[in-house]
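**Q**
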DNA sequence: TTTAATATCGAAAACGTTTTCGATTTTACC
DNA sequence: GGTAAAATCGAAAACGTTTTCGATATTAAA
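Residue numbers (full-length UniProt numbering), protein chains in the order written: chain A, 1 to 341; chain B, 1 to 341.
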């Protein structure tokens, strides 16, 4: 049995399609009597407006697109959850696509979303993204877009981020405050902004405490995986014998590092202190538990959607959109992988 | 600047809308000459078919809906990844909604998806779901639907699952094989099928080894959280002093249990062996690392979409749909929380 | 040169909705 | 009873596409 349409309701009630439509949406120019009639019949026929027709007519789908580097990832899945719940609140659905940290894939996903005519796009950039014409292209098409977490400073659009530099500064400072003097840094790839900013925060903290910056203590990681954490810890121990602290870009890597140090019976934090970044759940349950920077994923998701929602509304009203930057607070979670103050 | 339409291309080329449409889709009844003309102009105008119009006309959106209990969850995010990648391969996009294990929310999400006219629905049921009329309702509307992992036996539809009972049997048997004689079980809530099946597998293994089944050793958990793992471990130790093994429904809970046992300096596995379920990543990095049942989330996502895709195709061709059940293989991952054989 | 076959195109309906604007009817007022 | 105002409704266009079917133009066959 086919779903009911306005035409059918109109026909059985001897009304026109237009009055039926207006009755259901409580237009002032239809009498209460017919409104009741229409609504009752709509109810019994279980009438649902055809979404495709509504989309075509109103030129909006109440759907947004989300592009993230990786789904199986504690931080990003928290963001997803925040976005979905906030979106649902406002009557929007979310299509999720992942770039696998690949520029080419990211480009493809963005185009897919543009072709599907989503009302807006939320994106966290892939590590491999070095060119932003695909982003500018969809923005030129008039599709509202906001970046979160992994952003590009060069692109003119709304963004919601944390202050990566400050967070990294605080993390490094904590290592220094607890007595570390030779502090290594496992950083991310060269391009993503937050990997740059965290590195700068690390450097700044050294400078601020008159500790000489030694480039040989900085290791550039590629995939930010558990295995890389193990591998570069081995490298570090091979290269240096005087390390007493490591600031590591991501918890997952830090956990790899801890695993390796545990294997070698190197005492954490007595011999080497470790501080991570992101506050993955598992950081609280490994041993020793990992001190880290808390990155509010769920909140970031909520804020990102809210910002996008405002832009979607402004666009519909034909108003000018002023890009906004939101910076979320981070804090340091002290656990057992760093010494007590 | 507005996006180009067929009408515009037709106008500037002095053709009709229909021939332009047909030219772009390589219909045989339009000459190569005009095909080339049309395609070139479409290219330069960067023509993209209006998705809303196509949806309305073809009555399909190339979009499916996915309802899961929880996004921030290692197993489910693996499933999501599998679904998304397989769907994209076939030209489908995925709208994700979460039920938060609530029946009411699940009902709402299903209706949302039905109203959006997705081409199909993938669902893993909430713990709280006791009635299935909302599922049957969308199926009666002709929307293909397949269940995965948390299914309901009573509903007649395609399903992809693991053999929970066998997996639980194997896990329990492994405890017995390594010398455990008083084995407790932390199970999930009463309703979900896999929580029932895992319990039955546990019981069956006891029976199979002539170990008496003691109901006081079975604890019914509600939220399957880390905290519940800690809490019920305390309860268990309070209630019994002769436990030498626990089979725990979910890794996250098992990790809570390990944390509690570690805190009390109870040696794992020497005093108490633990085996979990699902193989979350963190299970490999806590200490002691957790023996567990490997549940292939990514593969389950892929298989689920493939099954749904077949049903969508069959429906379009007007053919009858035969529901299928797919059972995926599991295996036991032996780590340090159980004794060696 | 006529006829039949084929190649090429366009008109038009349809998908189901929203919304403007004009037409008709009812009510209020003097 | 007549007029103006308000209330109530419907016709119709529009959104942009797909597809059927009929019309014309071109070619091949006789």
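Even glycine gets a Cβ: it sits at the ideal position worked out from N, Cα and C.
What are the boundary residues of the beta strand (DSSP E) that includes residue 66/B?
**A** Its beta strand (DSSP E) spans residues 63–68.
**Q** Which residues of the stretch 250–266 of chain A have a Cβ closer than 7 Å to any Cβ of chain B? Give them in chain order.
**A** Of all residues in the stretch 250–266 of chain A, 255, 259 have a Cβ within less than 7 Å of some Cβ in chain B.
**Q** Which chain B residues sit within Cβ distance under 7 Å of residue 282/A?
**A** By Cβ distance, chain B contributes 282, 285.
**Q** Do residue 273/B and residue 181/B have their beta-carbon atoms positioned less than 8 Å apart in this structure?
**A** Cβ atoms of residue 181/B and residue 273/B: not closer than 8 Å.
**Q** Can you tell me which of 134/B, 270/B, 220/B, 228/B puts its alpha carbon nearest to the alpha carbon of residue 244/B?
**A** The candidate whose alpha carbon is nearest that of residue 244/B is 270/B.
**Q** Output, in chain order, the set of chain B residues within a Cβ distance shorter than 7 Å of residue 80/A.
**A** Ordered by position in chain B, the residues that pass the 7 Å Cβ test against residue 80/A are 71.
**Q** Should the stretch 287–304 of chain B be called in touch with the stretch 131–138 of chain B, which here means at least 3 C-beta pairs below 8 Å?
**A** Output reads no: the stretch 131–138 of chain B does not touch the stretch 287–304 of chain B.
**Q** Taking 8 Å as the CB-CB limit, is residue 51/A close to chain B?
**A** Closer than 8 Å: yes.
**Q** If the cut is a Cβ gap below 8 Å, which residues of chain B does residue 48/A touch?
**A** Here the neighbours are 114, 115.
**Q** Determine the DSSP secondary structure at residue 103/A, reduced to helix, strand or coil.
**A** Here residue 103/A sits in helix by DSSP.
**Q** In terms of DSSP beta bridges, what is residue 120/B paired with?
**A** Bridge partners of residue 120/B: 64/B.
**Q** Beta-carbon within less than 6 Å of residue 219/A's beta-carbon, same chain only, minus the 5 sequence neighbours each way: which residues are those?
**A** These residues qualify, in order along the chain: 186, 232.
**Q** Determine the extent of the alpha helix (DSSP H) in which residue 185/B is found, giving its start and end residues.
**A** Premise fails: residue 185/B lies in the beta strand (DSSP E), 183–187, not in any alpha helix (DSSP H).
**Q** According to DSSP, simplified to helix, strand and coil, what is residue 270/B?
**A** Residue state, collapsed to three classes: coil.
**Q** Is it true that the CB of residue 183/B sits closer than 8 Å to the CB of residue 246/B?
**A** The answer is yes: Cβ separation under 8 Å.
**Q** Cβ of residue 47/A within 8 Å of Cβ of residue 156/A?
**A** Result no, Cβ atoms of residue 47/A and residue 156/A do not sit closer than 8 Å.
**Q** Which chain A residues are close to residue 138/B, counting only those with a beta carbon under 7 Å from its beta carbon?
**A** Within 7 Å Cβ-Cβ: nothing; residue 138/B doesn't reach chain A, min ~12 Å.
**Q** For residue 207/B, count the other beta carbons within 10 Å of its own beta carbon; 16 or more makes it buried, fewer makes it exposed. Which is it?
**A** Flag for residue 207/B reads exposed.
**Q** DSSP three-state call for residue 110/A: helix, strand or coil?
**A** Looking at residue 110/A - three-state DSSP - the assignment turns out to be helix.
**Q** CB-CB under 6 Å to residue 90/A, same chain, minus the five flanking residues each way: which ones, in chain order?
**A** Cβ neighbours of residue 90/A beyond the five flanking positions: 309.
**Q** For residue 258/A versus residue 291/A, is the C-beta spacing smaller than 8 Å?
**A** No, they are not a contact pair.
**Q** Whose C-beta lies closer than 8 Å to the C-beta of residue 335/A among residues of the same chain, with five residues either side of it excluded?
**A** For residue 335/A, where only same-chain residues beyond five positions count, the Cβ hits under 8 Å are 283, 284, 288, 289, 290, 291, 292.
**Q** DSSP three-state call for residue 71/B: helix, strand or coil?
**A** It is coil, neither helix nor strand.
**Q** Excluding the five sequence neighbours on either side, which residues of its own chain have a C-beta within less than 7 Å of the C-beta of residue 286/B, listed in chain order?
**A** 255, 258.
**Q** Take residue 188/A as the anchor and find which of 117/A, 204/A, 10/A, 168/A has the nearest alpha-carbon.
**A** Ranking 117/A, 204/A, 10/A, 168/A by Cα distance to residue 188/A puts 168/A first.
**Q** Quick one: does residue 84/B have its CB under 8 Å from some CB of chain A?
**A** Answer yes: the Cβ-Cβ gap between residue 84/B and chain A drops below 8 Å somewhere.
**Q** Distance cutoff 8 Å, beta carbons only. Does residue 145/B sit that close to anything in chain A?
**A** It does not; no Cβ of chain A falls within 8 Å.
**Q** Of all Cβ atoms in chain B, is any one closer than 8 Å to the Cβ of residue 55/A?
**A** Yes, because at least one Cβ of chain B sits closer than 8 Å to the Cβ of residue 55/A.
**Q** Could you name the residues of chain B that residue 77/A contacts, counting a contact when the two beta carbons are closer than 7 Å?
**A** What residue 77/A touches in chain B: 71, 72, 77.
**Q** Is there at least one Cβ from chain A nearer than 8 Å to residue 61/B's Cβ?
**A** Closer than 8 Å to some Cβ of chain A, the Cβ of residue 61/B qualifies, so yes.
**Q** Of all the alpha helix (DSSP H) runs that stay within the bounds of the stretch 198–248 of chain A, which reach a length of 4 or more residues?
**A** Complete alpha helix (DSSP H) runs here, min 4: 226–239.
**Q** Of the choices 53/B, 170/B, 145/B, whose alpha-carbon is the least far from that of residue 159/B?
**A** Checked all of 53/B, 170/B, 145/B; the closest Cα to residue 159/B is 145/B.
**Q** Can you give me the C-alpha to C-alpha distance between residue 281/A and residue 177/A, rounded to a whole angstrom?
**A** Using only the alpha carbons, I get a separation of about 25 Å.
**Q** Could you list which residues in chain B have their beta carbon closer than 9 Å to that of residue 290/A, in chain order?
**A** Under the 9 Å cutoff, chain B gives no residues; its nearest Cβ is about 11 Å from residue 290/A.
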